[in-house]
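Under this note's numbering, the first residue of the sequence shown carries the number 7, and numbering increases by one thereafter.
Glycine is no exception: its CB is placed at the ideal position from the N, C-alpha and C atoms.
Note that the structure is predicted; figures quoted are calculated from it, not measured.
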Amino acid sequence: MTEDFKMEIAIPTDDLGYILLQCSHCGTHFKATPEDIMDDGVLTLFCPSCGLTSDNYITEDVLELAITMGQNRAVDMIYDELKRMEKQFKKGPFTIKAGKCPKHAHESPIQSGINALEVTTFRCCKRKAKVKPMLKITGCYCPFCGVKNYEVE
Ligand SMILES: [Zn+2]
Ligand SMILES: [Zn+2]
């Protein structure tokens with residue numbers, strides 16, 4: 007098997023162009039725009055709730071889909087191999103029947119969901135993110151610089 011194993015997963019944005027992120031430390035969901043996340047001025051992202059930086063902000067949805075897609079691809083590869091062997095051993099002392107391709111697991115589309123997040127402006131960076139409304143009351147770390155903001159709009 008020399009074929010490169012490549013997968014592409016499209017993470018959808020919501021109506022306002024935000025993508026859903028999840029802190030791997032506390033599980034808090036928040037949203038930011040791809041422009042801000044990719045911005046050169048933003049080196050790391052901070053969780054608005056616990057203020058820590060996370061190795062990744064991939065949500066469980068995305069992770070699950072990646073695993074399912076990986077499994078489906080593996081099934082295809084094994085089946086292709088069986089098919090190849092079926093041809094190879096057509097006239098031999100033994101034969102191989104690949105049969106029908108096994109069914110794929112359902113790849114459920116990712117929801118940009120979690121709508122109970124409100125757009126919040128972080129004055130320190132003049133950037134916006136969507137966070138849980140509760141964080142506006144208790145204080146909220148800026149996802150882009152990690153400073154705690156107490157009066158956020
Ligand atoms: Zn967190
Ligand atoms: Zn900031």
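Item, Value
"Nearest to LYS93 (by Cα), restricted to the options LYS103, ILE84, PRO99", "LYS103"
"Run of the beta strand (DSSP E) containing ARG133, from where it starts to where it stops", "133-137"
"beta-carbon CYS32 near ligand 2 non-hydrogen atom, thresh 6 Å", "no"
"Minimum C-alpha distance to ALA122 - residue among THR50, GLY33, VAL137", "VAL137"
"Residues that DSSP places opposite HIS35 in a beta bridge", "GLN28"
"Same chain only: Cβ atoms within 6 Å of LEU69, ignoring 5 sequence neighbours per side", "none"
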